[in-house]
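Peer 1: Sending over a structure as structure tokens; questions will come in a sec.
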Amino acid sequence: MGLLFVFDMDDVLYDYDWRVRMRGLSDLTGLEFAELRRRWWHAEGEWAAEAGRWSDGESYLAAWSQAVGTELAREAWVANRGSAMRARPDVLASVARARELGRVTLLTNNNPLVEEHLPELAPELVPLFGLEHLRASSRYGARKPDPRVFERVLAAYDEPASHAFFADDLPENVAGAASVGITAHLYTDPESLRDAIESFASATALGERA
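Using my numbering, you'd call the opening residue of the sequence shown number 197 and step up by one each time.
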């Protein structure tokens, strides 16, 4: 057994400005923000996609296009998503430290199209995580804060909850991870994250020696 560090992406590792994304989609589709939300950003659309309803990017984009009423090329959809993202170097340095201490993996509430294009959307993560550990919630068939997604991450990496650390910016997601026994950190700033990583690693090592 080792240590497993699980990180959220949007508003933790990256600045994510959903307003920029939605303005871009409004330009591409001719639909206002409120209408886009009504057609797709709800429990039967995007939230279902993040929980694994569509198995791959092609089927996701087909469902998205049908709901929105606009045929959008994959490249345009992905470029629009990427336009709202900016890496946070100070936070990525904490991921690099976590990688020195154990394994690192991504857990972002996202659809399979995003997962397929994470190397393009988040190229800074590739050398830190490796391609095989850039993962969206859709892969696990549940989305945060559902405890099942955290249980499935633990199963996928064959680690007990006591050896896992999770960082997210949303309190409900942190609570979901904590409910299955994972050490969960509410992200507020890079320094606190780094301290939390170090404290978790030290406390786990002490616990094993006790």
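Ideal Cβ placement from N, Cα and C applies to all residues, glycine included. The model shown is predicted, which means the values in this text are computed figures rather than measured ones.
1) Put R339 into one of helix, strand or coil per three-state DSSP.
2) When you compare the region 343–360 with the region 254–270, are there three or more beta-carbon pairs, one atom per stretch, that lie closer than 8 Å?
3) Out of L309, L321 and R299, point me to the one whose CA is closest to D286's CA.
4) DSSP state of T400, grouped into three classes?
5) Any chance you could list the alpha helix (DSSP H) runs of at least 4 consecutive residues sitting entirely within the region 349–387, in chain order?
6) Can you list, in chain order, the residues of its chain with a C-beta nearer than 8 Å to that of L350? Leave out the 5 residues immediately preceding and following it.
7) On the CB-based measure, 16 or more other CB atoms within 10 Å of its CB, does W214 come out buried or exposed?
8) Hey, A239 and W250: beta-carbon distance below 8 Å or not?
9) Expressed to the nearest angstrom, what Euclidean distance is found between the alpha-carbon atoms of R363 and R344?
10) Skipping 5 residues on each side, what residues in its chain have a beta carbon closer than 6 Å to that of A380?
11) Does the region 220–236 touch the region 294–311, meaning 3 or more C-beta pairs lie closer than 8 Å?
12) Using DSSP's beta-bridge definition, name the partner residues of F201.
13) Kindly indicate which three-state DSSP category A275 falls into: helix, strand or coil?
14) Considering only the alpha carbon of each residue, which of L227, V202 and Y256 lies closest to G241?
15) Can you tell me which of the three DSSP states D252 falls into?
16) Throw me the rounded Cβ distance for the H313 and V274 pair, which I believe falls under 8 Å.
17) Does the beta-carbon distance from L221 to N276 come in below 8 Å?
18) In terms of residues, what are the limits of the beta strand (DSSP E) holding R185?
19) If you draw a straight line from the alpha carbon of G248 to that of V300, how long is it in whole angstroms?
20) List the residues that DSSP assigns as beta-bridge partners of M281.
21) State the DSSP-derived secondary structure class of D207, mapped to helix, strand or coil.
22) I believe E311 touches A332 by the beta-carbon criterion, under 8 Å. Please report the beta-carbon distance rounded to the nearest angstrom.
Peer 2: On the basis of the supplied data:
1) Position 143 of the sequence shown, counting from 1, holds the residue named residue 339. Coil, per DSSP.
2) No: fewer than three Cβ pairs fall under 8 Å.
3) Position 90 of the sequence shown, counted from the first residue, corresponds to residue 286. Among L309, L321 and R299, the Cα nearest to that of D286 is on L321.
4) What you label residue 400 is simply residue 204 of the sequence shown in a count that begins at 1. Correct three-state label for T400: helix.
5) As for any alpha helix (DSSP H) of minimum length 4 sitting wholly inside the region 349–387, the runs are 367–374, ordered along the chain.
6) By 1-based counting over the sequence shown, the position of residue 350 is 154. Here the set comprises L200, P356, A357, A360, V376 and I378.
7) Residue numbering aside, residue 214 sits at position 18 when the sequence shown is read from its first letter. Exposed: under 16 other Cβ atoms inside 10 Å.
8) The residue you call residue 239 lines up with position 43 of the sequence shown. The residue you call residue 250 lines up with position 54 of the sequence shown. Against a cut-off of 8 Å, the Cβ pair of W250 and A239 comes out as no contact.
9) Stepping through the sequence shown from its first residue, residue 363 is reached at position 167. Stepping through the sequence shown from its first residue, residue 344 is reached at position 148. The identity of residue 363 in the sequence shown is Ala, whereas the question assumes Arg. Their backbone Cα atoms lie some 17 Å apart in a straight line.
10) Position 184 of the sequence shown, counted from the start, is the residue given in the question as residue 380. Cβ within range, chain order: F362, V370, A373 and A374.
11) A contact between stretches requires three or more CB pairs, one per stretch, nearer than 8 Å, and the region 294–311 fails this requirement with the region 220–236.
12) Counting from 1 along the sequence shown, the entry for residue 201 is found at position 5. Paired residues: V300 and F361.
13) Locating residue 275 in the sequence shown gives position 79, counting from the first residue. The answer is helix: DSSP assigns A275 an H, G or I state.
14) Taking the first residue of the sequence shown as 1, we reach residue 241 at position 45. Among L227, V202 and Y256, the Cα nearest to that of G241 belongs to Y256.
15) Within the sequence shown, residue 252 is the residue found at index 56, counting from 1. In the three-state DSSP reduction, D252 falls in the coil class, being neither helix nor strand.
16) Locating residue 313 in the sequence shown gives position 117, counting from the first residue. Locating residue 274 in the sequence shown gives position 78, counting from the first residue. 5 Å between Cβ atoms; contact.
17) Within the sequence shown, residue 221 is the residue found at index 25, counting from 1. Within the sequence shown, residue 276 is the residue found at index 80, counting from 1. It is a contact, given that the beta carbons lie within the stated cut-off.
18) This structure does not reach residue 185, given that the chain is present from 197 up to 406, and the question cannot be answered.
19) Walking along the sequence shown from the start, residue 248 turns up at place 52. Walking along the sequence shown from the start, residue 300 turns up at place 104. Going by C-alpha positions, G248 is about 22 Å away from V300.
20) Within the sequence shown, the letter at position 85 stands for residue 281. Here M281 is bridged, per DSSP, to Y212.
21) As a position in the sequence shown, residue 207 is number 11, starting the count at 1. Coil at D207, not helix or strand.
22) In the sequence shown, the residue the question calls residue 311 occupies position 115. In the sequence shown, the residue the question calls residue 332 occupies position 136. About 4 Å separates the two Cβ atoms, so the contact holds.
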